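Novice: Residue numbers (my numbering), protein chains in the order written: chain A, 1 to 334; chain B, 335 to 668.
This is the structure I want to talk about, given as structure tokens.
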């Protein structure tokens, strides 16, 4: 057995040496959809500093936690949050079972096609619409409803499927971080059960690494078979000051890298910034009216105002979509 | 470059072949502290069936979710939950700041050393004591308090540190599952912030894979520095019907293996059992009064009654601590 073991070790060492040689000889661009510039350079410098064992900023792999907002950071959010489009479709589908919605805002406005009226109630109203249309099913039933919708629905402007309106440069960033032993999480104001059915396929982020807003759940035995029923009440809003709370409850460690795009991400970025050692705080700034949308301080969806001021004051990385990204959406998909 | 690449692939293939030969030639016992018998055999058979690609029960690695209760399943829980011992120590330490505790149950009983009186209020009362003594600090401060206590406190009977009262056979099982690409989680009625500071070192389970009961958190800026403050209110009780809810909220997938030891784990085991394909439901039965403790149906701590009946009716694996385990606690530590 000793000979076999020695041969094995020799072969493994040889493989390791050759892999090392190959990686030096062929330094591939891990972020090909990013133009060379300050944003890309800041990402590369940060990852180098926390993964280089000789660096004073080295971080052990287990502590390489990266958190990403979803709407407007990993995929688009205009003209309105995609989950709200899903909820609208659900309101239409479920309206016959809810005659009371005809006289009850924001459902009444939605059913009349008046989006502005429905959105007037702000983010809390939006979340309430979402939860009301998401409740009353088991988690397995809801999972199927989401899978069916996401596989067929198309964006009103681009006609792409919603999962094809993810940002190619951010997909590359997620992969690059994981290749450097980061654990990548979503920390989104969106519904946790709306994201989980597709984030693994689309982003490579498994359900257990998705943090989001959630409704109450109830365990029941139905004819002896256990089910989890989605209840009407909101359980947790993972937005603004809720994001650091969601991070603590779900992850239990402070991220060393966080990426957002709106004021809803400010507290997550502050919480990330306040840790010791090297830190990376990034903001996707929507500046590209041609390839995507251009909006910030006054947008009804994804407003970026206070967080933009703080990013500039503290020299966080503000990604200028128009100049920093070679492509926005994945090519060849439509 | 082509030659280097080919050499690399050849070496890697050679290493792979030799590794295969070696693993056939030297089948190490992955569970050396388990006696040969039905329990060990059922674990080995289950892991073989879900990891063998040619098996009808094969489960892709990403879906190999295993959940473990903590108190009484991974470490001991007698004569009372270790977190309650911690809370007792905290009650004593914090009593000068809380004169009202002298007249308020269950604190009054605790301060008089009357454990039975304090425990009379049941699990909810226990959790309230825990939360009351755990609140008012920032999460960073609480983390330090736990680390200091766990590094110094000793069990009244064995005089071991509490982290040395973990079960050696279960440590081996956790490692064995991870070696087979399982993701191992704790799903405990215990406080999430009480477990996370030490589970990674002791069990190899990182904070983000710990699910537990939790208090409310509040994000605040203190002199411009963000903190998370532990508030008095309970946020979630991860026990009984709460366990499947905690699993869904934190993990978002149904486990294929679950291990518990008390009626508090029954719903988690039912939820696990109700999925499709091969399933493993295990219960640690405390039958060893000499090396550990013997208790089940009538125990004030960790009562095992309904879950024992259901385990027997449904042929779940009931581990008999006395006959199934060669050793209970890690050797050479005291």
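Glycine included, C-beta positions come from ideal geometry on N, C-alpha and C.
Quick caveat, the model's predicted, so the values are computed rather than measured.
In angstroms, rounded to a whole number, what distance separates the CA positions of residue 669 of chain B and residue 537 of chain B?
Specialist: The displayed coordinates of chain B run from 335 to 668. Any statement about residue 669 of chain B would go beyond what the structure contains.
Novice: Would you mind stating whether residue 500 of chain B and residue 663 of chain B have Cβ atoms separated by less than 9 Å?
Specialist: Yes; because the gap between Cβ atoms is below 9 Å, this pair is in contact.
Novice: For residue 136 of chain A, return the contacting residues in chain B, with the cut-off set at a CB-CB distance below 8 Å.
Specialist: The contacting residues do not exist; residue 136 of chain A stays about 16 Å from chain B at best.
Novice: Go ahead and pull the three-state DSSP assignment for residue 504 of chain B.
Specialist: Looking at residue 504 of chain B - three-state DSSP - the assignment turns out to be helix.
Novice: Would you kindly report the start and end of the unbroken alpha helix (DSSP H) that includes residue 119 of chain A?
Specialist: Where residue 119 of chain A is concerned, the enclosing alpha helix (DSSP H) stretches over 115-119.
Novice: Using a Cβ-Cβ distance under 9 Å, would residue 604 of chain B count as near chain A?
Specialist: Interface residue, yes.
Novice: Using a Cβ-Cβ cut-off of 9 Å, state whether residue 228 of chain A counts as contacting chain B.
Specialist: True, the Cβ-Cβ gap to chain B drops below 9 Å.
Novice: When we look at the beta-carbon of residue 242 of chain A and count the other beta-carbons within 10 Å, is it buried (16 or more) or exposed?
Specialist: Residue 242 of chain A comes out buried.
Novice: So which residues of chain B does residue 62 of chain A contact, with C-beta pairs closer than 8 Å?
Specialist: Correct list: 534, 540.
Novice: If you drop the 5 nearest sequence neighbours on each side, which residues of the same chain put their C-beta closer than 8 Å to that of residue 320 of chain A?
Specialist: Hits under 8 Å: 39, 285, 287.
Novice: Taking the alpha-carbon positions, what's the residue 303 of chain A to residue 110 of chain A distance?
Specialist: Between residue 303 of chain A and residue 110 of chain A, the C-alpha separation is close to 22 Å.
Novice: For residue 405 of chain B, list the residues DSSP reports as bridge partners.
Specialist: In DSSP, residue 405 of chain B forms a bridge with B:409.
Novice: Would you list, in chain order, the members of the region 631-649 of chain B that have their beta-carbon closer than 7 Å to a beta-carbon of chain A?
Specialist: Residues: none.
Novice: Check whether the Cβ atoms of residue 335 of chain A and residue 213 of chain A sit closer than 9 Å, and answer yes or no.
Specialist: Here chain A covers residues 1 to 334 and nothing more, so residue 335 of chain A does not appear.
Novice: Applying a beta-carbon distance threshold of less than 8 Å, which residues of chain B neighbour residue 225 of chain A?
Specialist: Ordered by position in chain B, the residues that pass the 8 Å Cβ test against residue 225 of chain A are 608.
Novice: For chain B, is any of its Cβ atoms less than 9 Å away from the one on residue 184 of chain A?
Specialist: Not closer than 9 Å to any Cβ of chain B, the Cβ of residue 184 of chain A fails to qualify, so no.
Novice: Of all the beta strand (DSSP E) runs that stay within the bounds of the region 599-644 of chain B, which reach a length of 3 or more residues?
Specialist: Runs found: 614-619.
Novice: Looking at residue 616 of chain B and residue 600 of chain B, is the spacing between their C-beta atoms short of 9 Å?
Specialist: Result no, Cβ atoms of residue 600 of chain B and residue 616 of chain B do not sit closer than 9 Å.
Novice: Roughly how many angstroms separate the alpha carbons of residue 553 of chain B and residue 254 of chain A, rounded to a whole number?
Specialist: Taking the straight line from one Cα to the other gives about 13 Å.
Novice: Mind checking whether residue 277 of chain A and residue 542 of chain B have CB atoms under 9 Å apart?
Specialist: Result no, Cβ atoms of residue 277 of chain A and residue 542 of chain B do not sit closer than 9 Å.
Novice: 9 Å is my cut-off, CB to CB: does residue 213 of chain A come that close to chain B?
Specialist: Not closer than 9 Å to any Cβ of chain B, the Cβ of residue 213 of chain A fails to qualify, so no.
Novice: Does the pairing of the region 422-429 of chain B with the region 623-642 of chain B give three or more beta-carbon distances under 8 Å?
Specialist: Because the criterion of three Cβ pairs below 8 Å is not met, the region 422-429 of chain B and the region 623-642 of chain B do not touch.
Novice: Put residue 184 of chain A into one of helix, strand or coil per three-state DSSP.
Specialist: DSSP places residue 184 of chain A in strand when its eight states are reduced to three.
Novice: If the cut is a Cβ gap below 7 Å, which residues of chain B does residue 139 of chain A touch?
Specialist: What residue 139 of chain A touches in chain B: 582.
Novice: So, is the C-beta of residue 130 of chain A closer than 9 Å to a C-beta in chain B?
Specialist: For residue 130 of chain A, the answer is no, since every Cβ of chain B falls outside 9 Å of its Cβ.
Novice: In chain order, what residues of the same chain lie with their CB nearer than 7 Å to the CB of residue 469 of chain B, ignoring the 5 residues before and after it?
Specialist: Excluding residues within five positions, the ones whose Cβ falls inside 7 Å are 549, 564, 565, 566.
Novice: So residue 384 of chain B packs on residue 392 of chain B, CB below 8 Å; how close in whole Å?
Specialist: 6 Å between Cβ atoms; contact.
Novice: For residue 525 of chain B, which of helix, strand or coil comes out of DSSP?
Specialist: Note: residue 525 of chain B maps to strand in three-state DSSP.
Novice: Any beta-carbon of chain A closer than 9 Å to the one on residue 450 of chain B?
Specialist: For residue 450 of chain B, the answer is no, since every Cβ of chain A falls outside 9 Å of its Cβ.
Novice: Mind checking whether residue 85 of chain A and residue 153 of chain A have CB atoms under 9 Å apart?
Specialist: Taking 9 Å as the Cβ cut-off, residue 85 of chain A and residue 153 of chain A qualify as a contacting pair.
Novice: Quick one: residues in its chain with C-beta nearer than 6 Å to the C-beta of residue 506 of chain B, no 5 flanking neighbours on either side, listed in chain order?
Specialist: Excluding positions up to five away in sequence, the list reads 365, 367.
Novice: What does residue 551 of chain B touch in chain C if you count any residue whose Cβ is under 9 Å from its own?
Specialist: This model lacks chain C altogether; the protein chains it does include are A and B.
Novice: Can you list the residues of chain B that residue 83 of chain A reaches, using a CB-CB cut of under 9 Å?
Specialist: Those within 9 Å of residue 83 of chain A in chain B number zero; the least Cβ separation is about 16 Å.
Novice: Does the Cβ-Cβ distance between residue 189 of chain A and residue 237 of chain A come in under 9 Å?
Specialist: Going by C-beta atoms, residue 189 of chain A is nearer than 9 Å to residue 237 of chain A.
Novice: Rounded to the nearest angstrom, how far is the Cβ of residue 456 of chain B from that of residue 440 of chain B, given a contact under 8 Å?
Specialist: So it is not a contact: roughly 10 Å between Cβ atoms.
Novice: Taking residue 545 of chain B as part of the beta strand (DSSP E), name the residues at either end of that continuous run.
Specialist: 544-556 is the extent of the beta strand (DSSP E) around residue 545 of chain B.
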